[in-house]
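First to last, the protein sequences are chains A and B. Counting the first sequence from 1 gives a position; my numbering is that position plus 500. Counting the second sequence from 1 gives a position; my numbering is that position plus 64. Backbone N, C-alpha and C define an ideal beta-carbon position, used for all residues, glycine too. Down below is the structure, laid out as structure tokens.
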Amino acid sequence: MKQPSIIACVGVLAMITGTAMAVSRDTVYIVGSSTVYPFATVVAERFGKSTKFNTPKIESTGSGGGMKLFCEGVGVRHPDITNASRRIKKSEFEKCRRNGVRDIVEVKIGYDGIVVANSIEAPRFNLSRRDIFLALAKQVPDPRAPESGKLVANPYQTWKNVNPALPDYRIEVLGPPPTSGTRDAFAELAMEAGCMTFDWIRQIKDETKKLNKSGDKQQAKALKKRYKAICHGVREDGRYIEAGENDNLIVQKLGVNPKALGVFGYSFLEQNEDRIQGSLIDGVAPEFELIASGKYPVSRPLFFYVKKAHVGKVPGIREYLAEFTSEKAWGEEGYLVDKGLIPMSREEREKYARDAKELNPMHF
Amino acid sequence: MSKLKAAVKRRDIREAVEKSLEARKRRNRRFRLMGLGAVITGMLLLAVMFASIGSNGYSAFLRTEILLDIDFDPAVIDPDGSRGADVLMQADYTGLVKSSLRNYFPDVKKRKQKRALYRLVSSGAGDQLRDMVMEDPSLIGSSREVWLIADDDLDQYYKHGKGQSRLKEQQIYWVAMLEADGRLRKVFNTTFFIAGDSREPELAGIRGALMGSFFVILITLGLSLPLGVAAAIYLEEFAPRNHWTDLIEVNINNLAAVPSIVFGLLGLAVFINFMGLPRSAPLVGGLVLTLMTLPTIIIASRAALKSVPPSIREAALGMGASRMQTVFQHVLPLAMPGMLTGTIIGMAQALGETAPLLMIGMVAFIADIPTGPLDSATVLPVQIYLWADSPERAFMERTSAAILVLLAFLVTMNLLAIWLRRRFERRW
């Protein structure tokens with residue numbers, strides 16, 4: 501009676517508006533990394549306020565999820581820009597090309613430091629990357645004969661066990677889960693580097709490279725898997741606690757438990773400097789200047805990627821790029837720096853600003 | 065002899081009963097105490113939760129403002145004197161704020177210090193001035209005192225003291241000077257209710273999320289109530305009882321227990337990828353939540369129909385009413401309170417849902433306030449989730465405040481459900 505006809509009307513209406521919407525879009529659509537999200541949103545907001553364009557819509561999907569959506573195709577249903585806390589992978593680039601996304605403009609926006617922090621009530625840690633690896637790896641080289649090539653389940657219970665210079669605290673590290681880009685970067689930049697201080701593990705990696713060159717891909721893959729398992733494997737006996745994606749939660753827990761350490765992005769350290777302090781890593785403190793100059797070892801570049809085919813179709817992309825790559829945004833005294841972004845050098849900024857302006861597509 | 069025996073026996077029974085009676089009463093008391101204990105524990109936990117959220121969140125309803133002498137310099141705002149809307153729109157209002165701060169603190173000379181000084185005022189202060197000028201261009205050329213929104217760091221310091229803020233010694237000194245002059249005040253935070261999302265905590269508001277929730281709930285209600293009630297009436301009153309209807313019933317009960325994210329995946333596949341509806345739109349959110357709440361509404365509506373005594377139907381049929389007249393004129397009005405209760409509970413569930421919306425792109429930064437069900441939007445619980453994840457400290461209290469608003473809505477809806485039931489329910 502009455503109800504079915506209403507439902508039919510709504511359904512038909514939905515279909516019509518749906519197809520109508522698919523023809524054009526007047527808001528820039530951005531997806532991608534949750535690490536870049538706090539920066540991209542600030543730019544988007546300022547851009548929306550200071551121009552006649554709509555404020556871009558930004559979905560926080562993670563770097564991988566963003567790439568997937570971005571590479572699905574060209575057309576207003578697909579995003580215009582994807583943010584990433586790592587460089588686009590070759591496989592992703594090729595997937596993009598297969599789906600007709602040919603010209604992609606790569607823009608590096610700056611750096612993000614990953615910090616290992618604790619409460620200011622506790623002494624400040626001075627860690628080497630080797631310490632980090634030994635404290636957190638699932639398996640470590642046998643402490644009695646580290647170069648024998650024998651692995652044992654991680655026996656270290658306190659930081660003092662790892663390195664006599666460290667406090668006698670139980671090892672307790674709160675950090676991101678494996679799904680997080682921060683965790684990937686931490687495993688690669690901190691743990692793997694610490695892992696490579698053992699010569700025999702380093703040899704496996706060198707061997708892998710050699711095999712790759714000589715063309716024995718299968719053997720190389722097996723070896724790569726082996727050293728990745730050693731270097732990236734995090735212990736699961738409760739010493740490393742996966743605290744979810746919410747870095748605020750980690751900061752709060754550090755305040756309650758001064759003996760614990762936390763792993764998260766630099767912007768959270770910057771916002772909470774009155775409660776927590778960043779540990780020195782290889783003797784370098786996670787301070788703005790030291791990360792910017794590349795002295796602090798655990799930092800990674802941040803990017804966004806633009807679909808060139810959409811420029812001119814969706815209004816505002818060019819202007820959004822101009823806002824993002826302007827000195828007042830990403831410069832040394834720009835507003836993104838206030839939000840915790842570590843800026844690039846002047847030459848790098850000039851290069852990427854030019855790329856963004858001229859929409860120079862990237863090559864692999 | 066036999067009489068005596070009988071008496072002894074009776075006394076035994078009596079004794080035995082009295083003995084066991086004591087134990088039974090004890091057991092009874094223990095059970096009642098345990099029940100009472102469970103209720104009290106529940107209430108206590110609830111009170112702790114409310115107290116914690118409330119004490120964290122109430123301060124977000126206040127905001128700090130700074131009184132500054134603003135010189136609406138025509139040379140800055142409108143150098144040509146044209147008073148064109150475009151010119152007024154684009155003028156450098158932040159510059160006016162900065163020069164006012166410089167005038168107030170003439171000793172601040174160094175570049176770095178100046179930056180620290182400018183950081184006391186929100187980056188939205190310029191927009192405040194722009195709105196004033198756009199509304200009344202005659203302000204240009206005049207000079208007056210204006211209350212401007214303070215930056216979140218100053219706001220946190222002023223509300224919670226030193227331990228809760230990132231202000232540096234120098235800035236604290238300036239703040240003390242401003243305070244001594246009576247140039248700081250706390251007022252009701254209207255921004256929180258009229259602004260959309262922002263990455264500056266002092267400019268962020270829940271209006272966008274509220275509008276998003278409104279459209280989503282509107283669509284969910286508009287679709288799931290008629291569909292659910294119609295399905296329940298058909299299944300309960302008209303459908304034959306056979307294997308097919310049994311199968312349908314099992315499926316409906318099953319769907320009510322399916323994790324909500326599954327409906328999000330379904331919505332992504334059907335509404336966005338197949339039908340081509342826009343991502344992040346409340347329309348799609350409403351459709352997905354309709355799928356989610358339909359089983360709840362159907363089950364509640366069927367229970368309500370079932371509770372109407374058969375004598376009503378028999379009497380109506382006996383008086384010569386048709387099946388449809390019986391259902392629509394006699395059974396449905398009596399079942400309506402139960403159906404509405406079920407619907408409201410379903411709606412409250414939909415209002416608090418985030419997981420399925422994640423899949424259809426409603427977990428996003430959307431600053432513009434949506435004006436219709438096809439605009440990109442987010443909803444209240446998603447806004448809470450996004451704020452909880454933001455690095456700025458001031459978002460913490462806003463998170464709690466947004467939770468308070470959401471709780472207020474949920475409590476209202478549930479009270480409405482209870483009231484409807486009390487008001488219209490008939491007992492037999």
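Contact check for residue 220 of chain B against residue 184 of chain B fails: the beta carbons are separated by 8 Å or more.
Under the 8 Å Cβ criterion, the segment 584-598 of chain A counts as touching the segment 795-810 of chain A, having at least three qualifying pairs.
Taking C-beta atoms as the reference points, residue 272 of chain B and residue 424 of chain B fail to come closer than 8 Å.
Using a C-beta cut-off of 8 Å, the segment 435-443 of chain B makes contact with the segment 268-282 of chain B, since at least three inter-stretch Cβ pairs fall below that distance. In this structure, residue 222 of chain B sits near residue 128 of chain B, with a CB-CB distance shorter than 8 Å. Within chain A, not a single residue places a beta-carbon under 8 Å from that of residue 461 of chain B; the smallest gap is close to 12 Å.
CA-CA distance, residue 591 of chain A to residue 864 of chain A, rounds to 11 Å. Inclusion of residue 627 of chain A and residue 779 of chain A in the CB contact set at 8 Å is warranted, their separation being smaller than that value. A direct Cα-to-Cα measurement between residue 545 of chain A and residue 558 of chain A gives close to 10 Å.
Setting aside the 5 residues that flank it on each side, residue 607 of chain A is surrounded in the same chain by 803, 804, 805, 806, 821, 824, 825, 852, 855, 856, each with a C-beta closer than 8 Å to its C-beta; the list follows chain order. A check of alpha carbon separations from residue 245 of chain B across B:260, B:176, B:130 identifies B:130 as the nearest. Counting C-beta pairs closer than 8 Å gives fewer than three between the segment 378-388 of chain B and the segment 305-315 of chain B, which falls short of the contact rule. In the DSSP assignment, residue 128 of chain B falls within the beta strand (DSSP E) that extends over 126-135. Spanning the alpha carbons of residue 197 of chain B and residue 213 of chain B requires a straight line of approximately 17 Å. Residue-level contact check: residue 622 of chain A does not touch chain B, since none of the beta carbons of chain B fall below 8 Å from its beta carbon.
Cβ neighbours of residue 297 of chain B within its own chain (closer than 8 Å, five residues either side excluded): 365, 369, 391, 396.
Around the beta-carbon of residue 725 of chain A, fewer than 16 other beta-carbon atoms lie within 10 Å, marking it exposed. Exclusion of the five residues before and after residue 258 of chain B leaves 269, 271 as the residues of its chain whose Cβ lies within less than 8 Å of its Cβ. Non-local C-beta neighbours of residue 698 of chain A in its own chain, meaning closer than 8 Å and more than five positions away in sequence, comprise 641, 646, 647, ordered along the chain. Straight through space, the alpha carbons of residue 238 of chain B and residue 797 of chain A are spaced by roughly 37 Å. Only exposed fits residue 156 of chain B, as fewer than 16 other CB atoms lie within 10 angstroms of its CB. Linking residue 186 of chain B to residue 632 of chain A through their CA atoms gives a straight-line distance of about 40 Å. Shown here for residue 770 of chain A: same chain residues with a beta carbon closer than 6 Å to its own, the five before and five after excluded, namely 840 in chain order.
Taking 8 Å as the CB threshold, residue 276 of chain B stays off the interface with chain A. Residue 686 of chain A places its beta carbon 8 Å or farther from that of residue 784 of chain A.
Neighbours of residue 558 of chain A across chain B, judged by C-beta separation under 7 Å: 428, 429. Within the segment 388-434 of chain B, no beta strand (DSSP E) run of at least 3 residues lies entirely inside it.
In this structure, the alpha-carbon of residue 176 of chain B lies about 49 Å from that of residue 709 of chain A. Non-local beta-carbon contacts of residue 747 of chain A in its own chain, meaning distances under 6 Å to residues more than five positions away in sequence, involve 764, 768 in chain order.
Neighbours of residue 767 of chain A in chain B, taken as residues whose beta carbon is under 8 Å from its own, are 455 in chain order.
In the structure shown, the three-state DSSP call for residue 675 of chain A is strand. Contact with chain A is found for residue 262 of chain B, since one of that chain's Cβ atoms lies less than 8 Å from the residue's Cβ.
Between the alpha carbons of residue 87 of chain B and residue 70 of chain B lies a gap of roughly 26 Å. The C-beta distance from residue 477 of chain B to residue 400 of chain B rounds to 17 Å, too long to fall under 8 Å, and the pair is not in contact. Nearest CB-CB separation between residue 163 of chain B and chain A: not below the 8 Å threshold. Annotation for residue 220 of chain B: the continuous alpha helix (DSSP H) segment containing it runs 216-224.
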